[in-house]
Amino acid sequence: MRTALIAGGLAVLTSTALAMPASASGENAAFYSGTNLSGTKSPVDLAGGECVNVAPVRSGINVSFADIEVFYNADCRTGLPGGSGDSYYVLGSLHQGNFPFAAVSYRVR
């Protein structure tokens, strides 16, 4: 059963990677305005490393070797929307996910 799970996971990753547009480095990441990778697509600048403010996004995909820190406040401030604290989301390498709150900034690490 474990072999089947691994094979299924690899098939999902492969199909996700093939669905993404190709880049020179083979790495891609994008945010989407809706959940489940729906709505307006916004590419992520993987070379940046600086904080980037974006229009509100609800999901993302990361087919790269970098992790992307996703924040619910502008200027990469941690905390829940409009508040303070230590909350933020990490969209890990080779992952996709829905954010619990609309994200408005990110940083690639």
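Those letters in the sequence shown? Residues -19 to -1, 1 to 90, by mature numbering (1 follows the signal peptide of the UniProt record, and there is no 0).
Glycine included, each C-beta is placed from N, C-alpha and C at the ideal position.
As the structure is a computational prediction, the values presented were derived from the model and not from experiment.
With 16 other CB atoms within 10 Å as the buried threshold, where does V71 fall? exposed
Tell me residue 93's beta-bridge partners as DSSP assigns them. Coverage of the chain is limited to positions -19 through 90, which leaves residue 93 absent and any answer about it impossible.
To the nearest whole angstrom, what separates the beta carbons of A10 and V44, a pair I think is in contact under 8 Å? 7 Å
Length of the line joining the Cα atoms of V25 and N34: 11 Å
What is the DSSP secondary structure of P2, reduced to helix, strand or coil? Reliability fails at P2, whose pLDDT of 45 lies under 50, so the model's placement of it is uncertain and no value is given.
If we ignore side chains and look at the alpha-carbon of each, how far apart do G29 and P62 end up? 24 Å
Decide if D67 is buried, meaning its Cβ has at least 16 other Cβ atoms within 10 Å, or exposed. exposed
Can you give me the Cβ contacts of F12 inside the same chain, cut-off strictly under 6 Å, excluding the 5 residues immediately before and after it? S23, V38, G41
Among all the DSSP beta bridges, which residues are the ones paired with F52? S86
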